[in-house]
Amino acid sequence: MIWQVLAAIPPGKVATYGQVASLAGVSGAARLVGRCLSQLPADTRLPWFRVINASGKISFPVGSDGYKRQVKRLQDEGVAVLNGRISLTTFRWQPDGAC
DNA sequence: CCGCTGACTTTCG
DNA sequence: GCGAAAGCCAGCG
1 MIWQVLAAIP PGKVATYGQV ASLAGVSGAA RLVGRCLSQL PADTRLPWFR
51 VINASGKISF PVGSDGYKRQ VKRLQDEGVA VLNGRISLTT FRWQPDGAC
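Its first residue numbered 1, the first sequence is counted upward by one per residue in full-length UniProt numbering.
Written out as structure tokens, the structure is:
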């Protein structure tokens with residue numbers, strides 16, 4: 001389920017763990033999503049880098065290996081990352097129909 | 001079976 | 001804006 005949701009996230013947009021969890025049907029299980037991502041292989045095609053925490057920041061220590069990788073991917077997708085935080089210019093992904 | 005831990009979220013002070 | 005507490009699910013000792 002989590003993977004399905006990840007794959008459903010359009011490029012250039014990002015979603016929070018809570019969003020993904022909710023869409024996955026496990027509302028409130030944000031930690032579950034995070035745990036699931038941690039299990040994802042390094043060569044996975046899933047856009048796990050589009051998943052961020054509620055603070056709009058990357059859930060990795062700044063300067064960390066995974067952090068840099070995620071930022072690189074995000075920028076490649078067209079997402080701007082400033083101050084270790086997703087630029088406000090990048091709208092969060094929302095289900096179709098939701099404002 | 002109990003308790004700790006983890007890529008988290010939300011509310012209260 | 002930040003720190004603390006409770007809620008959430010799964011894996012491990």
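Glycine included, C-beta positions come from ideal geometry on N, C-alpha and C.
The alpha carbon of Q70 has as its nearest neighbour, out of F91, T44, Q19 and S27, the alpha carbon of T44. Between G34 and G78, the alpha-carbon positions lie close to 23 Å from each other. Judged by DSSP secondary structure, K68 falls within the alpha helix (DSSP H) whose first and last residues are D65 to E77. When G25, A42 and P47 are compared, the shortest CA-CA separation from L74 is found for P47. In the three-state DSSP reduction, A30 falls in the helix class (H, G or I). Excluding sequence positions up to five before and after N53, its CB lies within less than 7 Å of the CB of T16, Y17 and S59, all in the same chain and listed in chain order. Proximity to V26 across V5, A42, S87 and T89 peaks at V5, based on C-alpha coordinates. Scanning its chain for C-beta atoms nearer than 7 Å, with the 5 sequence neighbours on each side dropped, one finds around L32 the residues A21 and V26, in chain order. A Cβ-Cβ distance of about 12 Å is found for the pair V14 and T89, leaving them out of contact under the 8 Å criterion. For V51, the beta-bridge partners assigned by DSSP are A15.
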